[in-house]
Every structure is written in structure tokens, then in C-alpha cells.
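K.L.:
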DNA sequence: CTTTGTTTTTCCAATCAGTGAAAAAAGTTT
DNA sequence: AAACTTTTTTCACTGATTGGAAAAACAAAG
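Protein chains in written order, with our numbering: chain C, 3 to 386; chain D, 3 to 386.
Here is the structure:
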């Protein structure tokens, strides 16, 4: 049974306050009067909650135009005074974002030392100088996206071969150094959370799957508006069996998605049929240039990934699939093949799924990292 | 964005009341004193909530033994005074259950008329006589499990080819006739909900997948303690592609789970290799009798279903998989093959999943139907 | 310029759920 | 019978929401 906590009056207050905050994010600017109508809370309650949010500095008040009566005092997010630092270890970038997930400032994350735990010291230094160049009190927190296995609640990086980290208490150390809240997440989850957080303001997509396809293939599953982690390791779509008697995969199974269409496999396939060994960047150019063999391989990749997506759709029936990762750089061609396979092989009900590529507009790692902190601000409280 | 409702004081009260009710279900009998300690609510609050629950008749008070002080007045569920009627259209049975999901009385559901909407009238009659033979005020509601497409919130059966129903307003009609709350669900979901509801009292399994494998193959996904319906049609695991270039399936894809191991396929396979056409019941006996060809086919079915389960585990990483449906009658042999495939082909983290057969102990359709009503009683309220 | 009407915000008394401590009740043990 | 324990009830208090009324601020009409 879920660990259940008692309900209290304080909880109701925090809940309603968050409700108001979310409403303002979604449809700002709003007056107290409008908020009261929308939430069906009493004017008093709205007034008190707003006063508090103003005092904390989360909201900002501006004058509105009268529509024949007293001028409304419009409320909106105080974007300037609420900043978030985003750290992306995949792309080795660091950025300053606002609450809407817009990047205000960006700089590369550079390390003198080799990969390993000692990077932490340098990271801390670089963060410190970024914090000091702005007002510390305007910074809400720091979100970090790390490729690897992460324990977000403890703030640990359990294992990141890419960075040479193992059981590194990232969050506690930085929090002590910097005196600001710090949150870590796996890069895939951060990406999906970024999509969810900053899309939520616009539309309601409670059920979607974010696919990261590149050198490996993973997925992040969001159902009922919640990221689903299962017992901690959900989303390993890369080792889904598509071809029961297909080629052996490193995982022990046969015909896994990854064994068929991870980037190294595609490049190998290209080399097999043409004799040319390419990097992925070169391959991408071939595709853009209309190279026949390359297009064939994109078609193949789309076909296989499409079958994988059909499997996912049949099982979870999401409203949206976002395809990110390097493979998504292959562009519209890939997307169309995916849609084609889905509409051909999907079940009647499940194939109305939208397929989108996570283009540059779609945030990326830094926005995902920022969303770790932003989500907290707008998350409805749970009983405590 | 989720439709958000305001928080109110009344909500807190209802929430805490439910909290107490759930605690009593889980660890009854409990005294008010113990409840206050467990919930960390004040004695006053617990006292008031319990008084109300007693007044409604949901709880019962008994005398406890003193441990050196005043005798505790122990509280437990008032099982006798809170009954639920369960209707299972798959097995055509009707039953009277208590809040723990135990079946107290069971009778076949018989119809004079042919399949079709007119069955409803007869159902209503039979329910009426069952209600009249007990005290109406002791009956909390009626839960109905229907094979087919169901809209539970509207109480409609959208389509059930098996029963010859289409767009039938089942719930509204019965509620009008009988004056009791009625709930419908798809049979697969009801089964899974039954597992969830009556297991919750014992252990916490928030992430599990219920597989119904028989003439068709479906799944019900429970993540974070919530049944996941996606956009309405989740769980169609039967058309998951396992063998990319395998045999054509009726759905348009190739090598679907159903195309490989639905019961008709298994029987056909048996006929192919032995020339004998069997019913499933006969096939089951062959298996029990140790018939070599039959065992081979069970092994095959387990192998294929196992791959499907690995795919599910990799994606969702559940804690438990319950295999129900006719195929589960093949017993331990099948289960062991499934476990074997999972431990061979699963990823390191995801293969600690438990696999259980939904044996007769595991409730079944009627318990699932009953759980529709019971769940409502113990569900934590949401803001309204 | 004043009056009237509208829109928005603030104020106020009332309600109601939860709190914590103390009293009361009901036992057991010495 | 007295002392101690355990459990329940009582009571005065806090604090969040409520709904209505008053006040504030403004536009348009007279």
C-alpha cells in the first residue's frame, strides 16, 4: 500500500496556492477576481494566497486596463526574479533559464581534469561564478542531467560510465558548496520531463512516450501525467525483441531494436553494401544528399523502429510519441516512415497517435535539466 | 493540464476518514488510540472520523483485551452489513461478496432469451430477487464485468460482440430499476482491479501487469497503483510483434503474439504434428498426461509469451506479472518456462520480476466485478 | 462636474476541521 | 483501597475557507 500521510489544513492551503500558481502560468495575466471565478475559491482565499506568492517573489503585479470598472491588478510569473541553472552533462553545457524554460544564457562546461569524480570540484567552481554573476536570491535551484544510472531522491549518480562516476553523491556535495537546492536526473528522463513540463502549459498530453534513439535506444514513459519508472529501470525499449530469430544482441536476446538499428548497426549496414565506412555526421549528409543506399537504410531503420512503436502503442495507447536522439536528426523522412508503419500495422484504436521529432525547438537537455527544478515549483503538493 | 479542483476543508476530513478506513482494512482490529498513533492524527480527529464511520455502518466495534489499562474498543470492517453484488458475464455467474472480496453466495446467471440487449431485463429481474432475499440496505452496490469495449464513466457497453450488445446504457438502466449504484468494466480490467484491490490489503505492488492469455491475448497495466488506459485502449499486447517476418496476423502485422500462441494456433499446431484435432480441454489433459507433442507446444507457447513478457518488463519494469486466462490453466510448466525466458533474455535490472499464475485462489471474474464497488469505498478522495 | 453603474479588491463575522493538553473512564497490579 | 496504565472523551484554541457586504477605483452618462 502506498505510504499514506494525513491531511491537514496547511495542506489545503498549499494546494490551493499551487493551483493558483499553475493557473497563472497557463493563462497569465490574470486578476484575483478572475482567479476566484476560475478556481471557484472565495475572493478571500485567492487574495491571501496571491499575497503570499507576491511576498515570496514568485508573482509580479501589473496594472491592467479597465473594462468599465475598477482596473484589475494583473498577476503573472515573476520571470526575471526566478531563475534556474541547468547543467547538461551529455552536451557539456551550462545555462541560465527562466520558469518558462527559456534559455537566457549559455556557456560550455569545460574541465581541465580528466573524466572522473574530480570533475565535481570544477563544476562547483563554475557554478559558483555563474551564481555570483547574478543575484543569488534570484536563483531557485540547479538541475543536472547526467547520462547514466541516477538515484534522484538521494541525489546520487549510481553509475555513469560516460563520465567515469560511480556512487557519486552529486547533489549533497553541490548543495553544501553552493547553498542552493540541486536536483539530478538521468538525461533521458530529464528530456521527457522537459517536454512534459513546458508543454503542459499549452496542451494536455497526459500520455506520451519519449524515445531517445541514437547509439543506444531508450524510452521514457509518461502516463497519467506521471513519469513511470516501474521498479526503477523502466524504459529499456532498446532491448525489445522485434525479430525473434534475428541477430544476437549484447543483452543475450536476439533481434532487439538496438541490435538492429542503433547507429553503429546502421553505419555497419552502409559499409556492408557500399564498402564505405562513415561517421554518423557523414551518413546524415549522405541522407540529406539523397544517397540511395543511405535512404534505404533510413527506410529500414524507420521500419524497425516503427514496429517497436506499434508495440508500445498497442500496450500503452499513448496520445503522442516524441522521437529524440541522434536518429531524429534524420528528419522528416524517418518520421513519415514511422507514421506509415504505425498506420499500417497499428490496431484501429491505437494508431491515432501523433509522432513528433524532437527538433531543436523541443528544448533538449538543458531545458530538461531546468525542468527538474521548475517542476518542483509547480507540482501539486502531496499529503505530508 | 489536468482538470484541477480546489481544495477544501471537507476534503481533508473525507481524506482522513478514508485513511482510517484503509488502515483498518489492512491491520484490523485497531483501537482509536492505535489509529491516532499510526496516522499521527490527533485523538479528537480519529474519534470523530470513527464515530461517523460507525454511524454509516462501515465499521463495527468489539471489545478488546486489556494490556494493563482500559480495555480498547477495537474497530473492524462491518463485513456482514456491507455486501456487494458481482456479475460476471464471461462466466455467466452472479455472486454476493463482502468487502474483503470473499464470495458468500454464488448462482449461475441464466437467460431465457437469446443474446442481445433484451438480456438486460432478465438480469434486472434476477438481481432484484437477489437483493430482496437480503436486506437492501446492506448492499452497497453492483459491479459488472463485461467482455468487450466499455465506457465505465458513462456506464455504457460500447460493443460486446460476445453478448450482442452495442451502445447499451447498462448502468443507468439498472440503477433506475434497482435503486443501487451500478458499475461496469471490461472483464480484463476488472480482473486486474480485483487483484490490485484485494492484494493491496496485504502487500504493496504498485507496478504490475495482468496478462490474460487464452483465445485472445490482452494485458492490463497497473503503474503507480493506477490502472493505465492510455487514450482508452491500452493493453492490446496480443498484437505485439515478436517475429518481424513471422506469420500474418488478422491485424495486418506479422508475427504477433496472438498469431503465434492464441489457443486456436496452439491447437492447430498440435494437429499439424499429430493429425489429431483437440479441444482446449482435451489438450490440457494431454499436457497433464505428459504427451510429448503437447509438452513441446507448451514449451513453445511459454517461449513466445516469455519474449513478450521480456518486452513488457524492459519497457515498464513491473514488480509482478500475473498470468491469467485459459493458458494459465496449463500450470506450473508454463510458468517455469516464462521465468526461464525472462531470466535468460531480460535485462539485469528488470528480470527480478515475479511471475504468478492466476490460479483459482486469485479471485477471478466475480471478485474483479466486486472490486469495482469495493475500490470506490476505499479509494482516497480527489479534490472536488 | 456630479451621478450612476460596473468591475475589482478588501474586510468581517461565521463555520468547521484539526490540535494538544488535560480530564475522565476503565482496567490491572500492588 | 491505592497506584499505575491504557484508552477515550472533553475543551478551549488555531487557522483556512466561506459568503456577503463594504470599499475602492474607474467609465460613461447626465
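The C-beta atom is built at its ideal place from N, Cα and C for all residues, glycine as well.
(1) Between residue 106 of chain C and residue 89 of chain C, how many whole angstroms is the CB-CB distance? I'm expecting something under 8 Å.
(2) Between the C-alpha atoms of residue 210 of chain D and residue 345 of chain D, what's the straight-line distance to the nearest angstrom?
(3) Between which two residues does the beta strand (DSSP E) harbouring residue 223 of chain D extend?
(4) State the Cα-Cα distance for the pair residue 363 of chain D and residue 304 of chain D, rounded to the nearest angstrom.
(5) Which of the residues in the stretch 302-333 of chain D, read from start to end, lie with their CB under 8 Å from any CB of chain C?
(6) What residues from the stretch 40-67 of chain D come within 9 Å of chain C, judged by C-beta to C-beta, listed N to C?
(7) Taking Cβ positions only, does residue 214 of chain D come closer than 9 Å to chain C?
(8) Assign residue 9 of chain C to buried or exposed, taking buried as 16 or more other Cβ atoms, counted over all protein chains shown, within 10 Å of its Cβ.
(9) Please report the residue range of the alpha helix (DSSP H) in which residue 50 of chain D lies.
(10) Rounded to whole angstroms, what is the Cα-Cα separation between residue 339 of chain C and residue 301 of chain C?
(11) Expressed to the nearest angstrom, what Euclidean distance is found between the alpha-carbon atoms of residue 159 of chain D and residue 92 of chain D?
(12) Less than 9 Å between CB atoms is the rule here; does residue 379 of chain C satisfy it with respect to chain D?
(13) Find the residues of chain C that neighbour residue 228 of chain D, judging by a C-beta separation of less than 7 Å, and give them in chain order.
(14) Would you kindly work out how many angstroms separate the C-alpha atoms of residue 254 of chain D and residue 97 of chain C, rounded to a whole number?
(15) In the DSSP output, what is residue 285 of chain C paired with across the bridge?
(16) By DSSP, does residue 341 of chain D sit in helix, in strand, or in coil?
(17) Does the stretch 307-314 of chain D come close enough to the stretch 270-285 of chain D to have 3 or more Cβ pairs within less than 8 Å?
(18) Output needed in chain order: residues of the stretch 83-99 of chain C with a Cβ under 9 Å from some Cβ in chain D.
(19) If contact is defined by three or more beta carbon pairs under 8 Å, each pair taking one atom from either stretch, is the stretch 348-355 of chain D in contact with the stretch 239-246 of chain D?
(20) Could you list which residues in chain C have their beta carbon closer than 7 Å to that of residue 23 of chain D, in chain order?
(21) Between which residues of its own chain and residue 316 of chain D is the CB-CB distance below 8 Å, once the five residues before and five after are set aside?
(22) Is it true that the stretch 184-192 of chain C meets the stretch 23-34 of chain D, where meeting means three or more beta-carbon pairs spaced less than 8 Å apart?
(23) DSSP on residue 210 of chain D, reduced to helix/strand/coil?
(24) Taking Cβ positions only, does residue 372 of chain C come closer than 9 Å to chain D?
(25) Under 9 Å, Cβ to Cβ, is there at least one residue of chain D near residue 341 of chain C?
(26) Using DSSP with H/G/I as helix, E/B as strand and the rest coil, what is residue 360 of chain D?
(27) If I measure Cβ to Cβ from residue 222 of chain C and keep anything under 6 Å in the same chain, skipping five residues before and after, which residues do I get?
(28) With DSSP run on the structure shown, which of helix, strand or coil describes residue 19 of chain C?
(29) Determine, using beta carbons only, whether residue 375 of chain D comes closer than 9 Å to chain C.
(30) Which chain C residues are close to residue 14 of chain D, counting only those with a beta carbon under 8 Å from its beta carbon?
(31) Between residue 3 of chain C and chain D, is there a C-beta pair that is closer than 9 Å?
P.N.:
Taking the definition as stated:
(1) The sequence position of residue 106 of chain C within the first chain is 104, counting from 1. The sequence position of residue 89 of chain C within the first chain is 87, counting from 1. That pair is no contact at about 15 Å.
(2) Start at 1 with the first residue of the second chain, and residue 210 of chain D comes out as number 208. Start at 1 with the first residue of the second chain, and residue 345 of chain D comes out as number 343. The C-alpha of residue 345 of chain D is placed about 17 Å away from the C-alpha of residue 210 of chain D.
(3) In the second chain, the residue the question calls residue 223 of chain D occupies position 221. From DSSP, the beta strand (DSSP E) with residue 223 of chain D extends over 219-225.
(4) As a position in the second chain, residue 363 of chain D is number 361, starting the count at 1. As a position in the second chain, residue 304 of chain D is number 302, starting the count at 1. In this predicted model, residue 363 of chain D has a pLDDT of only 49, less than 50, meaning its place in the structure is not dependable; the value taken from the coordinates is given anyway. About 22 Å.
(5) 306, 309, 312, 313, 314, 316, 317, 318, 319, 320 and 321
(6) 41, 42, 43 and 47
(7) By one-based count along the second chain, residue 214 of chain D stands at place 212. So, not an interface residue.
(8) Locating residue 9 of chain C in the first chain gives position 7, counting from the first residue. That one is buried.
(9) For the purposes of this step, residue 50 of chain D is identified with residue 48 of the second chain, where counting begins at 1. That run of the alpha helix (DSSP H) goes 45-58.
(10) In the first chain, residue 339 of chain C corresponds to position 337, counting from 1. In the first chain, residue 301 of chain C corresponds to position 299, counting from 1. Using only the alpha carbons, I get a separation of about 7 Å.
(11) As a first step, residue 159 of chain D must be located in the second chain, where it is residue number 157. As a first step, residue 92 of chain D must be located in the second chain, where it is residue number 90. Between residue 159 of chain D and residue 92 of chain D, the C-alpha separation is close to 14 Å.
(12) Here the question's residue 379 of chain C lines up with position 377 in the first chain. So no, residue 379 of chain C is outside the interface.
(13) Within the second chain, the letter at position 226 stands for residue 228 of chain D. The contacting residues are 226.
(14) Within the second chain, residue 254 of chain D is the residue found at index 252, counting from 1. Within the first chain, residue 97 of chain C is the residue found at index 95, counting from 1. Using only the alpha carbons, I get a separation of about 48 Å.
(15) Indexing the first chain from 1 puts residue 285 of chain C at position 283. In DSSP, residue 285 of chain C forms no bridge with anything.
(16) Taking the second chain and counting its residues from 1, the one referred to as residue 341 of chain D is at position 339. In this structure, residue 341 of chain D counts as helix in the three-state DSSP scheme.
(17) no
(18) From the stretch 83-99 of chain C, no residue has a Cβ closer than 9 Å to chain D.
(19) The stretch 239-246 of chain D vs the stretch 348-355 of chain D: no contact.
(20) By one-based count along the second chain, residue 23 of chain D stands at place 21. Those within 7 Å of residue 23 of chain D in chain C number zero; the least Cβ separation is about 11 Å.
(21) The residue labelled residue 316 of chain D in the question sits at position 314 within the second chain. The residues are 348, 349 and 352.
(22) no
(23) Sequence index remark: in the second chain, residue 210 of chain D carries index 208 (1-based). Strand.
(24) The residue given as residue 372 of chain C occupies position 370 in the first chain. No, because no Cβ of chain D sits closer than 9 Å to the Cβ of residue 372 of chain C.
(25) Numbered from its first residue, the first chain carries residue 341 of chain C at position 339. Not closer than 9 Å to any Cβ of chain D, the Cβ of residue 341 of chain C fails to qualify, so no.
(26) The residue labelled residue 360 of chain D in the question sits at position 358 within the second chain. Three-state DSSP puts residue 360 of chain D in coil, outside helix and strand.
(27) Indexing the first chain from 1 puts residue 222 of chain C at position 220. In its chain, beyond the 5 residues on either side, 190, 191, 194, 212 and 237 have a beta carbon closer than 6 Å to the beta carbon of residue 222 of chain C.
(28) Here residue 19 of chain C is taken as the residue at index 17 of the first chain, counted from 1. Note: residue 19 of chain C maps to helix in three-state DSSP.
(29) The residue you call residue 375 of chain D lines up with position 373 of the second chain. Between residue 375 of chain D and chain C, the shortest Cβ-Cβ separation is not below 9 Å.
(30) Along the second chain, read from residue 1 onward, the residue named residue 14 of chain D stands at position 12. Here the neighbours are 9, 10, 11, 13 and 14.
(31) Translated into positions along the first chain, residue 3 of chain C becomes position 1. Confidence at residue 3 of chain C is low in this model, with a pLDDT of 46, below 50, so its placement is unreliable and the value that follows should be read with caution. Yes, contact with chain D.
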